[in-house]
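Numbering of the sequence shown is given in our numbering, commencing with residue 54 and proceeding in unit increments.
Backbone N, C-alpha and C fix where the C-beta goes; we use that ideal spot for every residue, glycine too.
All figures in this text were calculated on a predicted structure; none of them were measured in a lab.
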Amino acid sequence: MKYAGICVDISHEKVDKLFTYRIPEQLEAAVEVGTVVVIPFGRGSHEREGYVLELMDETDCPDDKLKTILRLSEKAVFVEQRQIKLAAWMKQHYGCSMAACLKTALPVKRKVEGVTVREISLLAEKEEAMDYLALCQKKHHVAKVRLLEQLLDKESLEYSIVTKSLGISAQTIRALTEQGIIRVNAFETYRTPIRVRHLQEPKELTQEQAKAFDTFQADYNAGKRGTYLLYGVTGSGKTEVYMRMIAHVLSQGKQVIVLIPEIALTYQTMTRFYDRFGDQVSLIHSKLSEGERYDQFERARKGLVNVMIGPRSALFTPFEQLGLIVIDEEHEGTYKSDTNPKFHARETAIALSEQTNASVVLGSATPSLEAYKEALEGRYTLLTLSRRVMRARLPETHIVDMRDEMKNGNRLPFSEALLSAMRGRLQKGEQTMLFVNRRGYEGFVSCRSCGTVVKCPHCDVALTEHQGGRLVCHYCGFERPKLTSCPVCGSGQVRGMRAGTQKIEQELSACLPDARILRMDADTTKKKGEHEKILQSFANGEADILLGTQMIVKGHDFPSVTLVGVLMADLSLAGSDFRGPERTFQIVTQAAGRAGRGEKPGDVYIQTYQPEHYAIVAAASQDYEAFYAEEIEMRAVVGYPPCGHMLAVLLTSKTAEQASKVATALATRIRTWGEGKKLIVLGPAQAGISKINDVYRFVFYIKSKDRQLLEIAKDRMELFMKINEIKVRGTSIAFDFDPMNTY
Ligand code: ADP
Ligand code: ZN
Ligand code: ZN
């Protein structure tokens, strides 16, 4: 008789262990480590799926307790050994159930049969298509122009890329089809979403680029694998260096994962990789369906593609011959997962690279403190690009003290200096980008008589005013109609504080009535493809000013932008978050980096109420080292990451008393246990947002220089929760190592 240790596909601490099952004789040959099987589970012996993680010849489990595997799961995909290994690493490192870690490491678990893919290509002869293009240009049919230009360059484009990423409507496609200019074909199997006619030759590298690449190549050829930090100012040609590295690794018969923040996954970025590597490239993004995603991973597993590009989850691409992981904009907060397991893609990539003997290249103009510290201390190899390509100069920056504007009676969100610079650009026909350092609707609603802020009845957060005065909770989705009177004092003076982008747009067009303004925020990009549509239209010169939130900072090159304004630069300094200054420095530097990408030099205006803050000053002079020196000292004093480690422990429960009681018990345990050890326990306290969806939240922090000690503490807490099952009933625990935000 053979037995299997099975992880049940339920993400709960209580079942987070291996359960032993009998393997029936007829399945003995089929069941391996990694097989997904159907088992009877629990008191009712309900059918559940489980992952076989262990095989045994004997067991000390009593015979009458043993159940038998029912059958192999039909739809499930085989789990590879190395995926199990990575999941196990995540479990140990981040504290989460094995089932949840397996789910994360295997984001595609279901086969979806019969995917048909539609593809658009030119039907007309090239000449005819060019004539038609000229006609569309004359008539300002911008969508048709956009599509035809791409099709004259590319052999074919997948339908969904055209509608979603290029932002072209089905009507436009139909119109062009009826004219006989283009055609739409359907295919049964998955094809490359963009097929190019001619692959582009690599550019000749600048001296700095060549030096960075040579270091990497020499190491790679010598069999040396490691982690590299490519630290290069904006526009210094990091992508070009990645592509050389990728080409080299491919030439060695290896495969490559490229991670980019979802927000940067624009059509422009995508095509850069397709133009260079053609159908060796595949793409994962959040707009793919589960079936499409499965197909992409299958293609990777079979070696039909060798480069996978995508956000965080692309890290789990099942390549057999992984040789390199590139993480672009490695400082981005989106690389940290905000659901369990709360893994960081950078750390996980490095763990994966060690398991698979691959290298990791991290790139940024504003490296995370974590990465730069590692590089300075020699654990990562530092590769530096200090100059922009093609002698494009860095822009000139001006810090504007908004307190002076207030004193001079200017209540507008724009300073006099910025306004006059914008007027100048309008006259010269150059473009401006205005970057608002906050989300589209931060507009909470309050009573001007008694000061009451209108909150969500289920969550401890202010409701946000949307179009038409509707109030919405951004955490649970609760909605209520417009408020006409204060729920507390009855006064009619309830108003929204709408300082969002919409309000700024109104004020901007009042100041500059002739300017053509495009606004890009969560509001104007809700529909698929709108994001790209706005960027395209701005790139085509259809507007003078692009006003937007963080999403305008990335992904596109606009050579005719010569002016960048950063409004409310210091907003991200507010609050208690220890990463505030770092975020401010990054946002301001990246925004400033958008100016002067072309021939003409650029200007940047940074508006702030804290002009002397080191994050603002350093960003204005694009001086990363100065910022790093100040910030790392601050972190060292209080032991914040990367100068120490921090574990946030979050307890959630239906009642505040229960959450508080369990948090206190745990914190006390760890304090007692930690005596004489190098760790500090802070709290517990009510979380900053004390409830979400009627679930109460308590949090405490453990700090230590020794990450392993924190992992041991985590193990003890997990054990405590298991042993005291009855006492802690209804309470959940979650861990967050080196959190990106305070709770
Ligand atoms: P980064 O990723 O560092 O911001 P990019 O890779 O986007 O920089 O490069 C900025 C611009 O310079 C791009 O338009 C790119 O095509 C161009 N470029 C990069 N390297 C070279 C080179 N060696 N020769 C000519 N142009 C280059
Ligand atoms: Zn009131
Ligand atoms: Zn709510």
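Can you tell me the Cα-Cα spacing of residue i and residue j, whole angstroms?
i: G356; j: F372; result: 7 Å
i: I776; j: M770; result: 10 Å
i: Y284; j: T225; result: 43 Å
i: K55; j: S98; result: 21 Å
i: E172; j: S213; result: 8 Å
i: Q308; j: V360; result: 6 Å
i: Q555; j: K207; result: 37 Å
i: A645; j: V657; result: 6 Å
i: E807; j: S785; result: Nothing about residue 807 can be read from this structure; the chain reaches only from 54 to 796.
i: F638; j: R647; result: 15 Å
i: Q305; j: T169; result: 34 Å
i: L175; j: R325; result: 21 Å
i: M296; j: V302; result: 10 Å
i: G386; j: S502; result: 39 Å
i: T280; j: K460; result: 51 Å
i: A141; j: T392; result: 17 Å
i: Y120; j: R75; result: Here residue 120 turns out to be Lys, not Tyr, going by the sequence shown. In a straight line, the C-alpha of K120 is about 6 Å away from that of R75.
i: E560; j: A568; result: 12 Å
i: G376; j: R135; result: 14 Å
i: G58; j: T401; result: 25 Å
i: I570; j: E710; result: 52 Å
i: M455; j: G288; result: 29 Å
Using only alpha-carbon positions, find the residue among the options that is nearest to residue i.
i: I755; options: R722, K775 and V748; result: R722
i: I557; options: G416, V286 and L620; result: L620
i: F396; options: D759, L201, R782 and A153; result: A153
i: K197; options: E178, T554, A223 and H519; result: A223
i: M298; options: D391, R329 and T319; result: R329
i: L719; options: L772, V748 and P694; result: L772
i: G331; options: H251, R365, V606 and L303; result: H251
i: P93; options: E85, V86 and E102; result: E102
i: G594; options: G58, L139, T602 and F611; result: F611
i: R533; options: R548, V507 and V541; result: V507
i: V86; options: D113, L125 and D272; result: L125
i: P115; options: F72, M443 and E127; result: F72
i: T409; options: K277, Q546, D381 and E665; result: K277
Could you tell me how far apart the beta carbons of residue i and residue j are, in whole angstroms, since I believe they sit closer than 8 Å?
i: G741; j: T795; result: 6 Å
i: G651; j: S590; result: Contact flag wrong, Cβ pair sits at about 18 Å.
i: M394; j: M143; result: Here residue 394 is Pro; the residue named in the question, Met, does not match the sequence. About 5 Å separates the two Cβ atoms, so the contact holds.
i: L106; j: I137; result: 6 Å
i: L229; j: Q203; result: With 8 Å as the limit, L229 and Q203 do not qualify as a contact, their Cβ atoms being about 12 Å apart.
i: Q660; j: S390; result: Actually they are not in contact, since the Cβ atoms of Q660 and S390 sit about 34 Å apart, beyond 8 Å.
i: I606; j: A622; result: According to the sequence displayed, residue 606 carries Val and not Ile. Not confirmed; about 13 Å, so no contact.
i: V489; j: L600; result: 7 Å
i: I337; j: G363; result: 3 Å
i: R724; j: V734; result: 5 Å
i: D597; j: Q484; result: 6 Å
Where do the ends of the beta strand (DSSP E) carrying residue i lie?
i: I362; result: V360 to G363
i: H251; result: Where H251 is concerned, there is no enclosing beta strand (DSSP E), given that its DSSP letter is neither H nor E.
i: H451; result: E449 to D454
i: F467; result: Neither: F467 is in no beta strand (DSSP E) and is coded neither H nor E.
i: Q739; result: I733 to I745
i: R236; result: I235 to F240
i: C500; result: V498 to C500
Starting from residue i, trace the alpha helix (DSSP H) both ways and give me its first and last residue.
i: S304; result: K291 to S304
i: E722; result: Correcting the residue identity first, residue 722 is Arg in this sequence and not Glu. Where R722 is concerned, the enclosing alpha helix (DSSP H) stretches over A709 to G727.
i: E423; result: L422 to L429
i: C189; result: K179 to K191
i: D768; result: R760 to I776
i: V690; result: Y677 to V691
i: R135; result: Q134 to Y147
i: F638; result: G633 to A645
i: V198; result: V195 to D206
i: C564; result: T554 to C564
i: E373; result: From DSSP, E373 is part of no alpha helix (DSSP H); its letter is neither H nor E.
i: C154; result: M151 to A158
Check: On the three-pair Cβ rule with 8 Å, is the stretch 686-706 touching the stretch 459-476?
Finding: no
Notebook entry, point to check: Does the stretch 251-262 touch the stretch 225-236, meaning 3 or more C-beta pairs lie closer than 8 Å?
Noted result: no
Item checked: Three or more C-beta pairs below 8 Å linking the stretch 332-352 and the stretch 421-438 -> no
Check: Touching or not, the stretch 272-288 and the stretch 432-448, by the rule of three or more beta carbon pairs under 8 Å?
Finding: yes
Margin query: Could you check whether the stretch 758-765 touches the stretch 695-709, counting it as contact only if at least three pairs of C-beta atoms, one from each stretch, sit closer than 8 Å?
Written below: yes
Next item on the list: Pair every Cβ in the stretch 403-421 with every Cβ in the stretch 443-452, then say whether three or more of these pairs are closer than 8 Å.
Entry: no
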